[in-house]
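Chemist: I'd like to ask you about the structure that follows.
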Amino acid sequence: MKIRIFPFVKIYDFNSVYELLRKELADFPAFKLVFKEVSFFQHGSNYVVWLKPETPEDPTIINRLQAKLESLLPGFNELSNKSPSGFQPHLTLGQFNGKREAEQKIASIQAELQPIEFEVSEIYMINRNGEVPFSIENTIKLSRKI
């Protein structure tokens, strides 16, 4: 799962931002994340189908991580200010043109979905030039305390 901070950090700032985040997040705990529920929301004329993350040991940890990142990077809070409900953690699966198509896709995914569980122990600073896939520029390790 990605936690995105918008606007993106400029590549020439990566090293200084990396050092700041590495230092300030050194004690932020790793955490277990589970995906077992599919949902959707409307985004413009499209419907975004997504997996809802759950963190059973600490239900607020993703939002706390987002808030911590925003506090360290003033002005990088677009996703928290985008809607009245604030930052909504999710993993996008796809976009569909109509609500019915999105609901059908959700039903087919949910019927087959087994819970997906893993530990979030690192944060990646990613970069992309043009249309090529993202590449990992830096890795920030979280504390191993779960």
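Going by our numbering, the letters in the sequence shown line up with residues 8 to 153, in that order. Yeah, the Cβ is synthetic: ideal placement off N, Cα and C, and Gly gets one too. Nothing here was measured: the structure is a model prediction, and the numbers come from that model.
#1: Which residue marks the beginning of the alpha helix (DSSP H) containing V24, and which one marks its end?
#2: Just to confirm before moving on: does the CB-CB distance between N134 and E119 stay below 8 angstroms?
#3: Mind the definition here: the region 33-40 touches the region 108-118 only if three or more C-beta pairs lie below 8 angstroms; say whether that holds.
#4: Please state if the CB of G101 and the CB of V56 are separated by a distance shorter than 8 angstroms.
#5: Since I believe L58 is in contact with H97 (beta carbons under 8 angstroms), could you give me their beta-carbon distance rounded to a whole number of angstroms?
#6: Which of helix, strand or coil does DSSP assign to L58?
#7: Contact check, L32 vs I130 under 8 angstroms by CB: the rounded distance?
#8: Going along the chain, which residues of its own chain have a beta-carbon closer than 7 angstroms to the beta-carbon of N22, five neighbours each way excluded?
#9: Leaving out five residues before and five after K9 in sequence, what residues of the same chain have Cβ atoms less than 6 angstroms from its Cβ?
#10: Go through its chain and collect everything with a Cβ distance to P63's Cβ below 7 angstroms, but skip five positions before and after it.
Modeler: Checking against the coordinates, here is how it stands:
#1: F21 to E31
#2: no
#3: no
#4: yes
#5: 7 angstroms
#6: strand
#7: 7 angstroms
#8: none
#9: Because the pLDDT of K9 is 48, which lies under 50, any placement of that residue in the model is unreliable, and the number read from its coordinates should be weighed accordingly. Taken in chain order, the list of residues that qualify is empty.
#10: K39 and V41
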